[in-house]
Amino acid sequence: MKTSLFCSMWYKLFHSTPPFQPFTITKRHLGSGLPGDYVRELATLFNRAYSPFENLDKSKFHVDFYSSDYLGLGLNKELNQTHADAILRAGMDHNVSSIVSHPPNSPVKDTELALARWLKSEAAVLTYTCATANIGVIEILLKGNDRPIYMDHYAHMTFKTAVSVAEASSRLKLFRHNDMDHLRSRIEKAGSGVVVVDSIYSTNGDEAPMAELVELCHRLDCILVVDESHAVGVVGDAGEGLVAHLGLEDGVHVRTASLAKALSCQNGVAASSKEVTDCFNNATTLAVFSQNVQTPSAVKVKKAIELAILATQQRDDLRNLSQSFRQQLKEAGYPVTGNANHPIVSLMVGDQERAMYTHNVLCSYGIFPLIFLYPTTPKNEALMRFVINQYVTPEKVAYTVKTLKDLRQDLKPWTWAGEQRNKKQNIENSSN
1 MKTSLFCSMW
11 YKLFHSTPPF
21 QPFTITKRHL
31 GSGLPGDYVR
41 ELATLFNRAY
51 SPFENLDKSK
61 FHVDFYSSDY
71 LGLGLNKELN
81 QTHADAILRA
91 GMDHNVSSIV
101 SHPPNSPVKD
111 TELALARWLK
121 SEAAVLTYTC
131 ATANIGVIEI
141 LLKGNDRPIY
151 MDHYAHMTFK
161 TAVSVAEASS
171 RLKLFRHNDM
181 DHLRSRIEKA
191 GSGVVVVDSI
201 YSTNGDEAPM
211 AELVELCHRL
221 DCILVVDESH
231 AVGVVGDAGE
241 GLVAHLGLED
251 GVHVRTASLA
261 KALSCQNGVA
271 ASSKEVTDCF
281 NNATTLAVFS
291 QNVQTPSAVK
301 VKKAIELAIL
311 ATQQRDDLRN
321 LSQSFRQQLK
331 EAGYPVTGNA
341 NHPIVSLMVG
351 DQERAMYTHN
361 VLCSYGIFPL
371 IFLYPTTPKN
381 EALMRFVINQ
391 YVTPEKVAYT
401 VKTLKDLRQD
411 LKPWTWAGEQ
421 RNKKQNIENS
431 SN
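In UniProt numbering, the protein residues as written are 1 to 432.
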């Protein structure tokens, strides 16, 4: 009786209309509440700043000042054919963590040896990106100890992320951009540690005082880390970067670089002692929990190194055109930043809204620079970056200069520099 009643109940439950649902599923809208306010505001800001690029493909004529493909290798048929052949020949590697090392005779290890020779380093490790390299290197140097870290205020943002990953945020001490006296005073107060700079700063094209940095770090017993992303392939007789070009490789403990710039390869590199590079794939968070670098990528990087070494004329052309562009902008009254020999030419605007307005105006004339806003740059130090690459010609430079001259009354560049906040006060406030 009891069994029959029990079966009857379950029959009614499962055959009733509508069908029985043992679990109630609540549908919720999961969009607006998930991102934090800061992230939403940042995304909105940068979407607005870069909205002109949505019409880039529709422009019959445009000036490409946004690409960091300095040597034009992105369209190099020999390089792309080498990469394609490697994919067809070798396929993709097994999906395995970077902790599982490639064999000594693999193309990946061969490329790492080529990178070390080119950069004049004891060893090098090929990484997925420069961000991976920067975060991993700082993790190696800071995790598990109490070293302070001294960072130029314009050093790449991924280094600041790296400090958080290494659980060392309380030890971060910023110093004024390229100010060796400020750096010295900070080290003397807090003790020896890790000093982090870019050799060529990505936002404004400034060159770091490498000889002074090497001497200071040697005298005060500090570890020197240099990001060479905008120097490798561009600076030096063979594109070996600023550090090796100046013969300072023995005084710099670690160098990192993005190979996605001048080499047009989606990888990064960390060059250092073998002790450091051996730790990278086995003891850094991003490497251990990421897939191994693919063999076809390594084959492409090695070919790109060969092409970059031979690109002497391209480097000369970049330098000459950059000098000409910078001089013409100065004569037109625009506040130019950066080293005269480097193909990053930036205009310091200052006010963020004015920078976005200026950027929109230039894009409407087919001129597409990049715009840098806070937090990429300090507050009230927004700027526009013009990258001289192989797709920029003297004729396009002349068109850009003429356009900027014609727009001087509307853009009022003579007021830009006056709207910048005092850099010294900015750094001191953020350091307190």
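Every residue gets a Cβ at the ideal spot worked out from N, C-alpha and C, and that includes glycine.
Return the chain-ordered list of same chain residues with a C-beta closer than 7 Å to the C-beta of residue i, the five sequence neighbours on each side being excluded.
i	result
PRO413	GLY333, TYR334, PRO335
ALA283	ILE140
residue 433	This structure leaves residue 433 out entirely; the chain is present only between 1 and 432.
ASP221	SER192
Can you grab the Cα-Cα spacing for the pair residue i / residue j, in whole Å?
i	j	result
TRP416	GLU240	36 Å
GLN352	ALA86	45 Å
VAL243	ASP237	12 Å
ILE371	LEU174	23 Å
ASP146	VAL235	35 Å
ASP57	LEU42	25 Å
MET180	SER170	22 Å
ASP93	GLU215	44 Å
PRO375	ALA90	42 Å
GLU249	LYS120	7 Å
LEU88	LEU79	15 Å
GLU275	MET384	40 Å
ALA340	GLU54	32 Å
ASP206	VAL397	21 Å
HIS177	ASN95	42 Å
GLY247	LEU407	44 Å
GLN294	PRO107	9 Å
THR127	THR111	11 Å
HIS182	SER273	29 Å
GLU228	ASN380	26 Å
VAL39	LEU310	44 Å
GLY350	GLY338	16 Å
ALA355	LYS143	39 Å
For residue i, name the three-state secondary structure that DSSP assigns.
i	result
GLN291	strand
PHE61	coil
MET92	coil
LYS261	coil
LEU174	strand
ALA208	coil
GLY268	strand
TYR150	strand
SER346	strand
VAL299	helix
LEU216	helix
ASP410	helix
ILE140	helix
THR337	strand
VAL392	coil
LEU373	coil
ILE99	coil
ASP221	coil
THR256	strand
ASP179	coil
By Cβ distance below 6 Å, which residues in the same chain neighbour residue i in space, the five residues on each side in sequence not counted?
i	result
SER264	ASP69, LEU73, GLY74
PHE386	PHE65, VAL345, PRO369
SER98	ASN281, ALA287, SER290, ASN292
ILE187	LEU220
THR277	ALA123, VAL125
Tell me where the beta strand (DSSP E) around residue i begins and ends.
i	result
ALA417	ALA417 -> no beta strand (DSSP E), and no H or E assigned at all.
GLY191	Counting along the chain, GLY191 falls outside any beta strand (DSSP E), and DSSP gives it neither H nor E.
VAL235	No beta strand (DSSP E) holds VAL235; DSSP gives it neither H nor E.
LEU383	382-387
Cutting at 8 Å between CB atoms, please list the residues of its own chain near residue i, excluding the five before and the five after it.
i	result
THR285	ILE135, GLY136, GLU139, VAL165
ALA116	GLU122, ALA123, ALA124, ALA271
LEU259	CYS130, VAL232, CYS265, GLN266, ASN267, GLY268, VAL269, VAL301, ALA304
HIS62	LEU56, GLY366, ILE367, PHE368
LEU329	VAL336, VAL345, LEU347, VAL401, LEU404
ASN76	SER264, LEU307
LEU411	THR358, VAL361, LEU404
Starting from residue i and walking both ways along the alpha helix (DSSP H), at which residues does that stretch end?
i	result
LEU113	107-119
LEU329	312-331
PHE46	37-49
ALA283	274-283
ALA124	No alpha helix (DSSP H) holds ALA124; the beta strand (DSSP E) holding it covers 123-127.
LEU242	242-245
LYS159	The sequence as given places Phe at residue 159; Lys does not occur at that position. Run containing PHE159: 157-165, per the alpha helix (DSSP H) assignment.
LEU71	Element bounds for LEU71: n/a, residue is neither H nor E.
SER169	Neither: SER169 is in no alpha helix (DSSP H) and is coded neither H nor E.
Pairing CB atoms from the stretch 143-155 with CB atoms from the stretch 324-333, are three or more of them under 8 Å? no
The stretch 192-209 in contact with the stretch 302-314 per 3-pair CB rule at 8 Å: Result no; under three Cβ-Cβ pairs closer than 8 Å.
Take every Cβ of the stretch 99-115, pair it with every Cβ of the stretch 292-304, and state whether three or more of those distances are shorter than 8 Å. yes
Are at least three pairs of beta-carbons, each pair with one atom in the stretch 357-368 and one in the stretch 43-56, less than 8 Å apart? Touching, yes, given that three or more Cβ pairs across the two stretches are closer than 8 Å.
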